[in-house]
Amino acid sequence: MKKSKKLFLVGALFTSVSLLLSGCGEGDSDGASGDGEKYVVATDATYAPMEYMDDSGKIVGIDIDIVDAIAEEAGIEIEYKNYGWEPLFSAVQNGEVDFAVSSITITDERKETFDFSDPYYFANQLILVPEDSDVKSFDDLKDKKVSVQINTTGHEAVKDLLGNTSSSIVATETMPLAISEMINGNADAAVGDNAVINEYKKNNPDVKLKVIEDDSFEKEYYGLMMKKGNDELAEKLNEAIQSLKDSGKLEEITGFKVE
Ligand code: ARG
């Protein structure tokens, strides 16, 4: 009696493990290694208005509208997955997803590891500070504590100013967290992409904040990021981006022209 119960349990365990394994296999086959029709796309949906979750938990935003338009143009299907900022880089690199959309700036350093589509959006860094702050320029942050989303171009800019290992840099997992650090007084300023900083200020009129612009920030271009050497996908995405530029559809979504 005892023995047969044990055997049953072992059997049940075996079945569930194999079910689990076959489940994984399936995920892979309609995912990154796909049939050329459906593409799995990683994002960090904490970045309103670019990519975020609406009240029903759906991933939405300007970036999502752009990729949806690209997909329609290219005749492909997209499934979005919310990976978070840092994990999305490894998800692309190890082929777990086909590409990533996440307001990702095309940089020389990233190009060593990833391929990018042609640019579809441009941006620059902005500084967000409490309304009564004396900060007037990026240079004024030299002796301040600054919060950023980790491993973003904003983080790089602040490292250039304060030093790579400066303890005055508060680097958080998401941009909303970086902004909270500043509001809570753990940092004097937050630095991040313009669309997101402006959106935060707009959506939180009760928090007394001001936005500081500085011409010394470089112009940044967003691209879709994929694994190196995926030329076929890059070509497909670039063709679609070009048609959206030519037809004026991209400008309709972004509100400005991207050459
Ligand atoms: N454009 C910046 C960068 O590429 C920040 C992007 C952050 N995106 C996000 N969804 N959190 O580094």
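Each residue of the sequence shown is one higher than the one before, starting from 6 at the first, in our numbering. Note that beta-carbon positions come from the ideal geometry of N, C-alpha and C, so glycine has one too. Remember, predicted model here, so these are calculated numbers, not experimental data.
Smallest Cα separation from THR170: which of VAL151, ILE188, MET187?
Within the sequence shown, residue 170 is the residue found at index 165, counting from 1. That would be VAL151, whose Cα lies nearest to the Cα of THR170.
Environment of GLN247 [buried if 16+ CB atoms lie within 10 Å]
Here residue 247 is taken as the residue at index 242 of the sequence shown, counted from 1. That one is exposed.
Closer than 8 Å by C-beta to VAL140: which residues in its own chain qualify, once you throw out the five before and the five after it? Chain order, please.
Walking along the sequence shown from the start, residue 140 turns up at place 135. Cβ contact annotation for VAL140 (same chain, cutoff 8 Å, sequence separation greater than five): ILE132, VAL134, LEU146, LYS149, ASP193, ALA194, ILE217, in chain order.
In this structure, how does DSSP classify GLY36 when only helix, strand and coil are distinguished?
Position 31 of the sequence shown holds residue 36. Only weak support is given to the placement of GLY36: the predicted model assigns it a pLDDT of 41, under 50, and the value that follows is read from those uncertain coordinates. The three-state reading of DSSP puts GLY36 in coil, since its state is none of H, G, I, E or B.
Looking at the strands, I want to know which residues DSSP matches up with LEU131.
Counting from 1 along the sequence shown, the entry for residue 131 is found at position 126. Looking at the DSSP assignment, LEU131 forms a beta bridge with GLY197.
Cα-Cα separation, LYS215 to ALA183:
Start at 1 with the first residue of the sequence shown, and residue 215 comes out as number 210. Start at 1 with the first residue of the sequence shown, and residue 183 comes out as number 178. Spanning the alpha carbons of LYS215 and ALA183 requires a straight line of approximately 15 Å.
Got a sec: does the ligand ARG put a non-hydrogen atom nearer than 8 Å to the Cβ of ASN208?
If you number the sequence shown from 1, residue 208 lands on position 203. Relative to the ligand ARG, even the nearest heavy atom lies 8 Å or more away from the CB of ASN208.
In this structure, does DSSP put THR112 in helix, strand or coil?
Translated into the one-based positions of the sequence shown, residue 112 becomes position 107. In this structure, THR112 counts as coil in the three-state DSSP scheme.
In whole angstroms, what is the alpha-carbon distance linking THR158 and ALA53?
The residue given as residue 158 occupies position 153 in the sequence shown. The residue given as residue 53 occupies position 48 in the sequence shown. Rounded to the nearest angstrom, the two C-alpha atoms are 17 Å apart.
Mind checking PHE261: buried by the 16 CB within 10 Å criterion, or exposed?
Along the sequence shown, one-based indexing puts residue 261 at 256. Residue environment analysis places PHE261 among the exposed positions, since fewer than 16 neighbouring C-beta atoms fall within 10 angstroms of its C-beta.
Less than 9 Å between the beta carbons of PHE222 and ALA162, yes or no?
On the sequence shown, residue 222 is found 217 positions in, with the first residue counted as 1. On the sequence shown, residue 162 is found 157 positions in, with the first residue counted as 1. It is a contact, given that the beta carbons lie within the stated cut-off.
CB contact flag (SER107, ASP70, <9 Å):
As a working note, residue 107 is residue 102 in the sequence shown. As a working note, residue 70 is residue 65 in the sequence shown. For the pair SER107 and ASP70, the CB atoms are not nearer than the 9 Å cut-off.
Decide if the segment 44-63 is in contact with the segment 86-103; the criterion is three or more beta carbon pairs, one per stretch, under 8 Å apart.
As far as the Cβ criterion goes, the segment 44-63 touches the segment 86-103, which means the pair count is three or higher.
Confirm the yes/no value for this check: CB of THR177, any heavy atom of the ligand ARG, distance under 8 Å.
As a working mapping, residue 177 is identified with position 172 in the sequence shown. Remark: the C-beta of THR177 is outside contact range of the ligand ARG, defined as less than 8 Å to any heavy atom.
Excluding the 5 residues flanking GLY197 on each side, which residues of the same chain have their C-beta closer than 8 Å to its C-beta?
Taking the sequence shown and counting its residues from 1, one reaches residue 197 at position 192. Closer than 8 Å at Cβ, skipping near neighbours: GLN130, LEU131, LEU133, VAL153, GLN154, THR157, GLY159, MET180, ALA183, ILE184.
Can you find the residues in the same chain that come closer than 8 Å, C-beta to C-beta, to ASN191, ignoring five residues on each side of it along the sequence?
For the purposes of this step, residue 191 is identified with residue 186 of the sequence shown, where counting begins at 1. Excluding sequence neighbours, ASN191 sits near LYS150, SER152, VAL175.
How would you label THR118, buried or exposed, when you count the other beta carbons within 10 angstroms and need 16 or more for buried?
Taking the first residue of the sequence shown as 1, we reach residue 118 at position 113. It is exposed - the Cβ of THR118 has fewer than 16 other Cβ atoms within 10 Å.
Can you determine whether any heavy atom of the ligand ARG sits closer than 8 Å to the C-beta of TYR52, and answer yes or no?
In the sequence shown, counting from the first residue as 1, residue 52 sits at position 47. Checking every heavy atom of the ligand ARG against the Cβ of TYR52, one is found closer than 8 Å.
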